[in-house]
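Accompanying notes for the structure given below.
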Amino acid sequence: MSNHHPDCFSCRNDERLAELPPRERVAADEHWRVAHAIGTSVPGWLVLLPRRHVTAIAELSDAEAAGLGTWQVRLSRALHAVTGCEKTYVAQFAEAAGFGHVHFHIIPRMADLPDGLRGPLVFRQLRPGDGDAGTVADSRMDEIAEALAAELG
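Residue numbering for the sequence shown follows my numbering, beginning at 161 and increasing consecutively.
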């Protein structure tokens, strides 16, 4: 795919899509790729990324924009089926150092999530700490990715 930025983590992964583990390629089409978020304690926390380098939502093409809502709904339905989540949160910031490539967080919100972690406070469960035992293991992310891929058909 063209329009990749050589210093962008998301672009570098997209260039080698076929080689990636399941957690980095839950699903993809011409415009979007879905990956499990890294460094989170929430099983099934997904990121939806444009397959070309984009740093602001206003830069999305009409074709990318047309698929965005469909992907968000499809992923929310698949997360409900696979994780049993009560609802999903959707957010986009692309402000963390090294992660300026636009990406949408699709976060499963379980029924028993404590009030202190609901809404935007759920981001306390992203990057809880280097080597934190509470982060989702790669093997678990791969299991979830494969189940989601099967659910998405």
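Just so it is clear, CB atoms sit at the ideal spot from N, CA and C, and this is done for glycine as well.
Selected residue, minimal CA-CA separation from residue 195, among 263, 297 and 249: 263
Taking the DSSP output, what are the residues bridged to residue 269? 247
When the Cα of residue 261 is compared with those of 312, 285, 249 and 192, which residue comes out closest? 192
Below 8 Å on the Cβ atoms is my guess for residue 202 versus residue 267; work out the distance and round it to an integer in Å. 6 Å
Should residue 225 be labelled buried (16 or more other beta-carbon atoms within 10 Å of its own) or exposed? exposed
Are the beta-carbon atoms belonging to residue 327 and residue 308 less than 7 Å from one another? No answer is possible for residue 327: the residues shown for the chain start at 161 and end at 313.
List the endpoints of the continuous beta strand (DSSP E) containing residue 195. 192 to 196
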